[in-house]
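Those sequence lines, one after another, are chains A and B.
So the number in my numbering is just where the residue sits in the first sequence, counting from 1, plus 4.
So the number in my numbering is just where the residue sits in the second sequence, counting from 1, plus 171.
Don't be surprised by glycine CBs; every beta carbon is placed ideally from N, CA and C.
See structure below.
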Amino acid sequence: MSAGASNPEYVNARVRARRASLFADEDYRKLIRMGPSEIARFMEETEYEREINALGTRFSGVDLIEYALNRNLAKNFGDLLDWSQGRIYDLIARYLRKFDVWNVKTIIRGIYTDTPAEEIGTDLIRVGEIDDPTLDRLLEVDEIEDAIEVLSGTLFYEPLAEAYEEYEETGVLVPLENALDREFYEHLLDDLGRPQEGPEAMYVEFLQAEIDFRNARNALRLSRSGADLDPAAYYIDGGVLFTQSELSRLVNDYDQLVDHIADNRRYGDRLSGALTRLRDADSLIAFEHALDAALLEYADKLSSIYPVSISAVFSFILAKEREVDNIRAIARGREVGLSENEIEDELVIL
Amino acid sequence: MALELGPELADVALQSGGPTLDNFTDEGAAALAVGLAALAAGYAERGIGAAAVGAIAEDDDMFVPGLIMTVLPETLVILALVVVFIVG
């Protein structure tokens, strides 16, 4: 936590400049027609120059692109924390914990599959509350239980310790990963209350949308796969779309679940196109991309309603993540020889 | 206090030279107006300046637009100066 005055003006000016310099949709169309090494060369001429040059001697092809993307992502989001002070710092830091979750998940998965520490290390995105020395210590441990011990003192220790017992019984990672996700989402709305108007209300609305979309995504996946898992274990509190009992009931009936989302006043209209496609084509991936796009559009809208607030920062974070995901999808897609149309389906383009 | 006591006592107050509202002249009021306007301009420039420096940090070409935007609230002080000339 930080004290002192907040500086949303400064952060906003910088973030908006960065947001504007992200790849445009036409750039993706160009990239789709390139091979991995051409993509790397293209990236070298953009803001990824430093990362590509730094990693160019050690890696090549798709790996180079991937590591450069991860490193650039961490650099950009680390900058956000450097720039901001006071209230806006708290809000950004809270949101960037999502990379703590990602890092801890990656490490736990790495331990589970006996992956060497260097390989896990390159997949980490070093931004967030868990500092570098702790991450390095985490990389060195060989047992999941020890990893959880290293995290003692952080927010994630208690839920992980609880979930570990379940992991020992079942031997699958799902309980641990769920515990992390839930801890992250449930802390997002800490001490914000339910403001009715102004930027804070929009901020809460945005986070609720994110939680709702996460719930919807989990529910649809569960419902689609027909797996015999307890939906309550996946439920994240704080959204407005589902209550826990509604979710448990709806998971068993796919059509009703889709109807429930379509009937929602807040999201129904915004997602109507995607929902129709979901009904017709049964394509869950397309729907998830539509959710991502809807969330991004939402953040953009909020940032123009309240110019000097946290919304612009969210819009940047989401847009940057989307860019990284898109470039990675293109590079990986080209590597395995997907056609241009297939790759285009994988992209989230507004 | 002096106001309530009426004009008879005002002369006394003026002669004694103490800080009362009665020796708060037009010039003094104009000066106060300029001071308050300058304070307001400073407050307005705080946010704009922070944003301008942020923009310049990302893109050097923003220096001139940033500078212009930052000093725009100075017009408040210039307008307040007009009052000084009217009064004086």
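Apart from the five residues on each side of it in sequence, which residues of its chain come closer than 7 Å, Cβ to Cβ, to Gln-212/A?
Start at 1 with the first residue of the first sequence, and residue 212/A comes out as number 208. For Gln-212/A, where only same-chain residues beyond five positions count, the Cβ hits under 7 Å are Gly-242, Gly-243 and Val-244.
Here's the rule: buried if 16 or more other CB atoms are within 10 angstroms of the residue's CB, otherwise exposed. What is Ser-343/A?
For the purposes of this step, residue 343/A is identified with residue 339 of the first sequence, where counting begins at 1. Ser-343/A comes out exposed.
Could you confirm whether any beta carbon from chain B is found closer than 9 Å to the beta carbon of Met-5/A?
To locate residue 5/A, count along the first sequence from 1; it is residue 1. For Met-5/A, the pLDDT reaches just 43, beneath the cut-off of 50, and the residue's location in the model is therefore unreliable, leaving the point undetermined.
Does the separation of the CB atoms of Ala-208/B and Val-248/B fall below 9 Å?
Here residue 208/B refers to the residue found at position 37 of the second sequence. Here residue 248/B refers to the residue found at position 77 of the second sequence. The answer is yes: Cβ separation under 9 Å.
Below 8 Å on the Cβ atoms is my guess for Ala-223/B versus Gly-237/B; work out the distance and round it to an integer in Å.
Counting from 1 along the second sequence, the entry for residue 223/B is found at position 52. Counting from 1 along the second sequence, the entry for residue 237/B is found at position 66. About 3 Å; that satisfies the 8 Å criterion.
Could you spell out where the alpha helix (DSSP H) holding Ile-129/A opens and where it closes?
Along the first sequence, read from residue 1 onward, the residue named residue 129/A stands at position 125. That residue, Ile-129/A, is in no alpha helix (DSSP H); it is neither H nor E in DSSP.
Indicate the three-state DSSP secondary structure (helix, strand or coil) for Asn-2/A in the structure shown.
There is no way to answer for residue 2/A, as the model of chain A reaches only from 5 to 354.
Hey, Ser-252/A and Tyr-239/A: beta-carbon distance below 9 Å or not?
In the first sequence, the residue the question calls residue 252/A occupies position 248. In the first sequence, the residue the question calls residue 239/A occupies position 235. Contact: yes.
Is Ala-323/A helix, strand or coil when you go by DSSP?
Counting from 1 along the first sequence, the entry for residue 323/A is found at position 319. Correct three-state label for Ala-323/A: helix.
Would you mind telling me which residues of chain A sit closer than 7 Å to Glu-229/B, beta carbon to beta carbon, in chain order?
Stepping through the second sequence from its first residue, residue 229/B is reached at position 58. What Glu-229/B touches in chain A: Arg-18, Ala-21 and Arg-22.
Report the residues of the segment 207-229 of chain B with a CB closer than 9 Å to any CB of chain A, ordered along the chain.
Taking 9 Å as the Cβ-Cβ cut-off against chain A, the residues of the segment 207-229 of chain B that qualify are Arg-217, Gly-218, Ile-219, Gly-220, Ala-221, Ala-222, Ala-223, Val-224, Gly-225, Ala-226, Ile-227, Ala-228 and Glu-229.
Does the beta carbon of Val-430/A come closer than 9 Å to any beta carbon on chain B?
This structure cannot settle anything about residue 430/A, because the visible part of chain A is limited to 5 through 354.
I need the straight-line Cα distance from Ile-265/A to Asn-219/A, nearest angstrom please.
Translated into the one-based positions of the first sequence, residue 265/A becomes position 261. Translated into the one-based positions of the first sequence, residue 219/A becomes position 215. Their backbone Cα atoms lie some 11 Å apart in a straight line.
Going by DSSP in three states, Tyr-116/A sits in which element: helix, strand or coil?
Position 112 of the first sequence, counted from the first residue, corresponds to residue 116/A. Three-state result, Tyr-116/A: helix.
Using a Cβ-Cβ distance under 9 Å, would Tyr-15/A count as near chain B?
Walking along the first sequence from the start, residue 15/A turns up at place 11. Reading off the sequence shown, one finds Val at residue 15/A, where the question assumed Tyr. So yes, Val-15/A belongs to the interface.
Which residues in chain B have a C-beta closer than 9 Å to the C-beta of Lys-74/A? List them in chain order.
Along the first sequence, one-based indexing puts residue 74/A at 70. The residue you asked about is not Lys; residue 74/A is Asn in the sequence shown. The contacting residues do not exist; Asn-74/A stays about 22 Å from chain B at best.
Short check: CB of Tyr-52/A to CB of Ala-28/A, under 9 Å?
The count along the first sequence starts at 1 and reaches residue 52/A at position 48. The count along the first sequence starts at 1 and reaches residue 28/A at position 24. No, the pair does not count as a contact, with Cβ atoms beyond the cut-off.
Would you mind reading off the limits of the alpha helix (DSSP H) that contains Val-15/A?
By one-based count along the first sequence, residue 15/A stands at place 11. From DSSP, the alpha helix (DSSP H) with Val-15/A extends over 12-24.
By a C-beta neighbour count over all protein chains shown, 10 Å radius and 16 as the cutoff for buried, is Gly-132/A buried or exposed?
On the first sequence, position 128 is the one that residue 132/A refers to. By the 10 Å Cβ count, Gly-132/A comes out buried.
Around the C-beta of Leu-275/A, are 16 or more other C-beta atoms found within 10 angstroms, so that it is buried, or is it exposed?
Here residue 275/A corresponds to residue number 271 of the first sequence, with the count starting at 1. Burial call: buried.
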